[in-house]
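Engineer:
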Amino acid sequence: MISRRECFRTVAGLPALRAAQARPRNVVIASANGLRACNRAMELLRSGADTLDAVLAGVNLNEEDPEDNTVGYGGLPNEDGIVELDASVMHGPTRRCGAVAALRNIKTPSKVARLVMEHTDHVMLVGEGALRFAKAFGFQEENLLTEKSRLAWLVWKQSLRDRSGHNNWTDGLDAPPGKPSARLRELFPHVDEATLAWAWQVAMDPPTGTINCLALNERGEMSGVTTTSGLAWKIAGRVGDSPLPGAGLWVDQDVGAAGATGRGEENIRIAGAHTVVENMRRGMDPKEACLEALRRVARNFGNDAERLAKFDLTFYALRKDGVYASASLWNARVREGKRVPARYAVNDGEGGRLELCAWLLERK
Ligand code: GLY
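Convert by adding 1 to the 1-based position in the sequence shown; the result is the number in the working numbering.
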C-alpha cells in the first residue's frame with residue numbers, strides 16, 4: 002500500500018515537506034553561452050516580468066549576436082550555405098507551447114515560436130509556412146549568414162574530398178601554385194589566423210550548440226525557451242531537438258522545467274526534456290534526473306564509449322522549488338586542442354556565474 006508520505010511525493014512530483022516549506026524565488030539557468038541571457042532574464046524577473054518575457058529577452062541577445070555561431074543571426078548554415086533556425090517556447094502558468102523549425106531569414110525564431118503559441122491554434126510551423134507567418138506579423142527578412150559563418154561554410158565545402166583527394170570547391174588542376182588557404186585570404190582579406198583556425202575547427206567538428214534558458218519567479222511560475230541554428234552543415238530541412246516540445250524543452254508547472262543542448266538526434270530518441278521532468282516528478286533531484294536521462298542515451302549505444310565519444314549532449318533542469326542542476330554526457334569537450342569542462346550558466350539572484358555540470362562519462 003502506498004504511504005501517505007509516498008503519495009505526496011508521487012502526486013505533487015516534489016518531496017512533500019520541501020514543497021510545502023519552499024518559498025519560490027527568482028532563478029534562471031541556461032546553457033554555457035547564456036550567461037548574459039540569465040542576467041537579462043533576472044533583471045526582468047526582479048521587475049516582476051512574466052517568466053516567458055524574461056527568458057525570451059535573455060535568448061534574444063544570443064539570437065541577435067553575430068558572434069554566437071550556434072544561434073540566430075551568424076548561426077552556422079546548412080549544407081547549402083543557408084541558415085535555418087529552430088526554436089520552441091513553453092509557458093508554465095498557461096501550459097501552452099509554440100515552436101518553429103527550419104525557419105529562414107528571420108533572426109529571432111523564439112519570438113516567432115511565441116507568436117505561434119499565442120496567435121494560432123497550432124503548436125509548430127515549419128519552413129516556408131513559418132516564414133510566411135513571421136512576415137504576416139511584421140518580421141523583415143534578412144540574410145542571416147555573416148562573413149564569418151560564410152567563411153566556415155566555404156572551409157567545410159573545401160574540406161570534403163573524393164577517394165582521389167579531389168574537391169570541386171578548391172583549386173583546380175590549372176590553378177597557380179600556392180596553398181588554398183592563401184586563396185581563402187584573397188576572398189576574406191580581413192580574416193585573421195584565429196578565425197581561420199576556428200573555421201577549420203567547426204568544419205571538422207560541426208557544433209550543435211544552442212541556447213536553452215529556464216526561469217522560475219517568486220510567484221512560483223516557470224517558463225523555458227530553446228533556440229538554435231541546429232547542426233552545422235545539416236541537410237536542408239533537418240529539424241533537431243530544440244523545437245520539439247518534450248525533446249529540446251519541457252515545462253510542467255507542477256514539477257519543473259528542463260531543456261537540452263548538443264546532438265539533437267540522440268536527445269529526440271529519448272524525448273529528453275520530458276524524461277528529465279518526469280524523473281523529477283518521480284522524486285529524483287534535478288541532477289539525478291538529468292543523469293538518468295543521459296544513461297538512456299548511453300544505453301542506446303550499448304554503453305559503447307567509443308561511439309558515445311563522437312557527440313555530446315547536456316540537460317538542464319530547474320525544479321519548481323528552485324533547485325537546479327545540469328548534467329552532460331561528457332565531463333569536458335576538446336576545443337582547439339584544449340580540454341574545456343562542461344559548464345552552464347546560472348543567476349539565482351546572487352549574480353550570474355558559470356557552474357560545472359555533473360557528467361556521466363569522463364573524457365581522459
Ligand atoms: N541541439 C541542437 C540540434 O541538434 O539541432
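For every residue, glycine included, the Cβ atom is placed at its ideal position computed from N, Cα and C.
The model shown is predicted, which means the values in this text are computed figures rather than measured ones.
#1: Enumerated in chain order, which unbroken segments of the beta strand (DSSP E) with a length of 3 residues or greater are wholly contained in the segment 189–264?
#2: Where does Glu148 fall in DSSP's three states?
#3: Once DSSP output is grouped into helix, strand and coil, what is the label at Phe138?
#4: Curious, which full-length alpha helix (DSSP H) runs of at least 4 residues does the segment 261–315 contain?
#5: In the segment 26–91, which residue ranges form an unbroken alpha helix (DSSP H) of at least 4 residues, counting only runs that do not cross its ends?
#6: Between which two residues does the alpha helix (DSSP H) harbouring Val113 extend?
#7: DSSP on Gly166, reduced to helix/strand/coil?
#8: Hey, Pro208 and Thr71 are a contact pair by Cβ (cut 8 Å); roughly how many whole angstroms apart?
#9: Measuring only from the beta carbon, is Arg264 closer than 8 Å to any heavy atom that is part of the ligand GLY?
#10: Return yes when the C-beta of Thr209 is under 8 Å from any heavy atom of the ligand GLY, and no when it is not.
#11: Starting from Val347 and walking both ways along the beta strand (DSSP E), at which residues does that stretch end?
#12: Is the Cβ-Cβ distance between Gly35 and Gly59 less than 9 Å?
#13: Determine, using beta carbons only, whether Gly265 and Ser243 come nearer to each other than 9 Å.
#14: Would you call the CB atoms of Glu68 and Lys108 closer than 9 Å?
#15: Buried or exposed, going by whether 16 or more other CB atoms sit within 10 Å of the CB of Leu45?
#16: Give the range of the beta strand (DSSP E) segment to which Val101 is assigned.
#17: Give a single yes or no on whether Asn79 has its beta carbon closer than 8 Å to a heavy atom of the ligand GLY.
#18: Skipping 5 residues on each side, what residues in its chain have a beta carbon closer than 8 Å to that of Met285?
#19: Is Asn79 buried or exposed, if buried means 16 or more other CB atoms sit within 10 Å of its CB?
#20: Compute every distance between the C-beta of Thr229 and the non-hydrogen atoms of the ligand GLY, then say whether any falls below 8 Å.
#21: Counting C-beta neighbours from all protein chains within 10 Å, is the total for Trp162 16 or more, i.e. buried, or is it exposed?
#22: Val335 lies in the beta strand (DSSP E); which residues open and close that run?
Structural biologist: In this structure, then:
#1: 212–217, 223–229, 250–253, 257–263
#2: helix
#3: coil
#4: 265–269, 273–282, 287–301, 306–309
#5: 36–47, 52–64
#6: 110–120
#7: coil
#8: 6 Å
#9: yes
#10: yes
#11: 344–348
#12: yes
#13: yes
#14: no
#15: buried
#16: 97–105
#17: no
#18: Glu293
#19: buried
#20: yes
#21: Strictly speaking, residue 162 in this sequence is Arg, with Trp absent from that position. It counts as exposed.
#22: 333–336
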